[in-house]
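One structure is given here, and the rest of the page talks about it.
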Amino acid sequence: MATPLTGLNSVNASGMIPASGTAQVGATSGPWMIEEQELTIYYTRVPSYKVFNDVFGLSSVSNTTKVEWTYIQNRVEAEYTKSYSTDLYSTSSWTQPQKFEYHPVSSDAYGNSYGNTGVSALGPVGTITTKDKWYHRRAWDAAVDFQVAEDCEATTHYFSQLPQLTNIGGVTQIQVNPAIDGMSYFGEFGRLDPKPFANHTFVDGDSYYHRGDQEYIIFGPYNTSAETPLAIQTYVDGIGSKVEQLDMFGVDGGEGILPNPAQPNVAFRNTGCQSYDNNRHDWT
Amino acid sequence: MAKTVKTSSLPTSKAGTSTAPMTVSGMIPTSGVVTDSSGPWMIEEQTLTIDYTRVPHYAASSVTHSLATPSRGYRVAATILNVNVEATYSKQKSYDQFTTSSWTQPQTFIYDTQDNDNYNASYGDTGASALGPNGTINTLQKWYHRRAWVSSIDVEETQNCVGTRHYFAGFSGMNTFGGLVATPAEDGLANWGEFGRFTPKRNKAHTFMRGSQTEQKNTLYTLAGPYSTSLETGSRIQQTIDLIGTIIRQSSLYGIGPALTAGVTTSEGIFAQADVGCSSYSSSRHEWN
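In structure tokens, the structure reads:
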């Protein structure tokens, strides 16, 4: 955000002492270093199933599917900028911490709901957006400052396929198809556990399945009452760290996924915004 | 509970035994006393023993995905017979003395049925019209045929064969760490009667398998839907035994142990080849009176 801020007198984030003021002609002149960051997370909670107790027969067969834990698959969009400004401001510096708001959806993609959602429960699907972006202004220091613009779109998981045997002209060969991005089968419950090569799997053996991180794990069958504000904050801060550490996988339309040349069905973590810092998040 | 059922009750008539008058369809035995019918004789015999177990073909019927209460339903699409077959055939030259100039005794069978499968479930009454989930089909009377030896066409021979109509296909692929995993095909006795090894196949959705899967050439005695002994009939059983006789003749059984012949390896698995049988065995010698 390069335009001068107004109406920030009411912002009072922990550890910050804002100085009030608006841009004014004749007020304190720059040049200014203006730093901004924001984060958006699109999330869907997915299950890790365990299937057990096969009861075999010639006239019937059954088994039991249990949710061992659930976790979040997410798509992350982050942005960080450091700009040079010569606008006029009424104060010599300004800091506004980053705040979030949640937009939970109460039903999952299969039509199930799991209780009330809100500040204490993200629910099965939704979006976390930056309500107030981080904003920090101080005098430009030519010795250390340079302009930066970073943005990233990524996931903390991707989809992989086991190496497949192919038979071409009577010759059997191992074919390793490259990993694909985490949006390809986003939120499909059958592509997690049991995995495609395991017994009780829900998908064929050549199906792509979730690999990578499992965010915000909650053990047992899911209910929104199992969530807490602290767990949500920890989750969002954790994503902030992954953004900063380039610890995410690219997605199509962004940087794209980067398969490991030596093992193409495994992806490299190469995406993020290294200047992002979740210490700028404010949870008060 | 094991049960024994005879499919017919013809008297035996081997050399040196009583040869009371009898009529076998298509045969006209000649009775008599010991005279100068001294041979040489061509004596042909055949036997068959079938151990069987009925196995299911499952399919998923419903899937309910949920973060809290998932479920999946299955149905029994069909059941089929896995068999372990042992057959013998011999043609011998004999100089024994017989009371008749020729003799033919058709082959008859007896069923030893069991009411329970390997998982201890039962499915109704078994007997001449229902083999049930497990059991053995034995030769009650072996095929026996004696006539004068004809040097221009007769050659002594002995054949015996042991095999199955199914086996367990191996698989090859790479694990998640990039290592090659390969397991060879296993013979049909390796996982005998394990219900999770047919369908859904190992590499398909909803499979019960991680290991080898059943491969079967022409599914024997298929019964659609959930199994009950009431679905079986005497004539289906007879047709099945006759079909197995034809399979034996065509050497279309899979070998057991070292006799299992390797087949092709494809993207679907490591397969075996059916090449075991007794070429002189004939199911036309079976008798179903």
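Those protein sequences? They're chains A and B, same order as listed.
With positions in the first sequence counted from 1, the corresponding number in my numbering is that position plus 53.
With positions in the second sequence counted from 1, the corresponding number in my numbering is that position plus 21.
Glycine residues also receive a C-beta, built at the ideal position from the N, C-alpha and C atoms.
Please read all numbers here as calculations on a predicted model, not as lab measurements.
### Spatially closest choice to A:Val120 from A:Leu111, A:Arg98, A:Thr209 and A:Val108, by CA coordinates
A:Arg98
### Query
Mapping DSSP to helix, strand and coil, what is B:Tyr116?
Under the three-state reduction of DSSP output, B:Tyr116 falls in the coil class, being neither helix nor strand.
### Query
With C-beta atoms as the reference, is A:Gln286 less than 9 angstroms away from A:His334?
The answer is yes: Cβ separation under 9 angstroms.
### Query
Can you find a heavy atom of the ligand PLP that lies under 8 angstroms from the Cβ of B:Ser288?
Of the ligands one can find in the structure shown there are none, so the ligand PLP has no counterpart to examine.
### Query
Is B:Lys238 helix, strand or coil by DSSP?
In this structure, B:Lys238 counts as coil in the three-state DSSP scheme.
### Task
Compile a chain-ordered list of the residues in the region 267-284 of chain A whose CB is closer than 7 angstroms to at least one CB of chain B.
Pro274, Tyr275 and Asn276
### Query
Applying a beta-carbon distance threshold of less than 7 angstroms, which residues of chain B neighbour A:Gln217?
Ser288
#### Entry: At least 3 beta-carbon pairs within less than 8 angstroms: the region 175-188 of chain B vs the region 79-91 of chain B
no
### Task
Would you mind stating whether B:Leu102 and B:Tyr275 have Cβ atoms separated by less than 9 angstroms?
At the C-beta level, B:Leu102 and B:Tyr275 stay beyond 9 angstroms of one another.
### Message
In the DSSP output, what is A:Thr219 paired with across the bridge?
### Response
For A:Thr219, which the question treats as bridged, DSSP gives the partners A:Gln226.
### Query
Which stretch, first to last residue, makes up the beta strand (DSSP E) that contains B:Gln135?
Thr129 to Gln135
### Query
Quick one: is B:Tyr302 buried, meaning 16 or more other Cβ sit within 10 Å of its Cβ, or exposed?
buried
### Query
With 16 as the cutoff for other CB atoms within 10 Å, does A:Lys184 come out buried or exposed?
exposed
### Task
Please list, in chain order, all residues of the same chain as A:Tyr163 whose beta carbon is under 8 angstroms from its beta carbon, the five residues on each side excluded.
Phe242.
### Query
What separation, rounded to the nearest whole angstrom, lies between the Cα atoms of B:Leu252 and B:Asn159?
The straight-line gap from Cα to Cα measures roughly 22 angstroms.
### Task
Can you tell me which of A:Asn230, A:Ser143 and A:Gln217 puts its alpha carbon nearest to the alpha carbon of B:Val202?
Closest by alpha carbon: A:Gln217.
### Query
Roughly how many whole angstroms lie between the Cα atoms of A:Gln200 and A:Pro157?
35 angstroms
### Task
Using three-state DSSP, classify B:Ser256 as helix, strand or coil.
helix
### Message
Along the region 126-150 of chain B, where does the CB come closer than 7 angstroms to a CB of chain A? Name the residues.
### Response
Asp138, Tyr140, Ala142 and Tyr144
#### Entry: Min CB distance B:Phe189 to chain A below 9 angstroms
no
### Task
Pull up the CB-CB distance for B:Leu88 and A:Tyr269, whole angstroms please, since I reckon it's below 8 angstroms.
No, B:Leu88 and A:Tyr269 are not in contact; Cβ-Cβ is about 13 angstroms, not under 8 angstroms.
#### Entry: Of the listed residues B:Ser300, B:Glu289 and B:Met63, nearest to B:Glu173 (C-alpha basis)
Reading off the sequence shown, one finds Ser at residue 173 of chain B, where the question assumed Glu. The candidate whose alpha carbon is nearest that of B:Ser173 is B:Met63.
### Between the CA atoms of A:Ala284 and B:Asn139 - distance to the nearest angstrom
49 angstroms
### Query
Is the distance from the Cβ of B:Asn239 to the Cβ of B:Val183 below 9 angstroms?
no
### Task
Classify B:Ala245 as buried or exposed, calling it buried when 16 or more other Cβ atoms lie within 10 Å of its own Cβ.
Label assigned to B:Ala245: exposed.
#### Entry: Residues within the region 114-129 of chain A neighbouring chain B, beta-carbon criterion of under 9 angstroms
Listed by position, the residues of the region 114-129 of chain A near chain B (Cβ gap below 9 angstroms) are Val114, Ser115, Asn116, Thr117, Thr118, Lys119, Val120 and Thr123.
### 7 angstroms Cβ shell around B:Ile258 - same chain, five flanking residues per side excluded
Leu152
### Message
Short of 7 angstroms in beta carbon distance, which residues of its chain neighbour A:Glu154, apart from the five on each side in sequence? Order them along the chain.
### Response
Thr182 and Lys184
### Task
Please classify A:Gln298: is it buried, with 16 or more other beta-carbons within 10 angstroms of its beta-carbon, or exposed?
exposed
### Task
Identify each residue in the region 292-313 of chain A for which the Cβ-Cβ distance to at least one residue of chain B is less than 7 angstroms, and report them in chain order.
Along the region 292-313 of chain A, there is no position whose C-beta sits under 7 angstroms from a C-beta of chain B.
### Task
Let me know the secondary structure DSSP gives B:Asn224 once reduced to three states.
coil
### Message
Let me confirm a value: A:Gly223 is counted as buried when at least 16 other C-beta atoms fall within 10 Å, else exposed. Which label applies?
### Response
exposed
### Message
Once the 5 residues before and after B:Val297 are set aside, which same chain residues still bring their CB inside 7 angstroms of it?
### Response
Residues of the same chain with a CB within less than 7 angstroms of the CB of B:Val297, apart from the 5 flanking positions on each side, are Cys182, Gly184, Ser272, Leu274, Tyr275, Gly276 and Ala280 in chain order.
### Message
If you reduce the DSSP assignment to three classes, tell me which class A:Ser159 lands in.
### Response
coil
### Query
How would you label B:Ser304, buried or exposed, when you count the other beta carbons within 10 angstroms and need 16 or more for buried?
buried
### Alpha-carbon to alpha-carbon, A:Ile271 and A:Gln327
Taking the straight line joining both Cα atoms gives about 29 angstroms.
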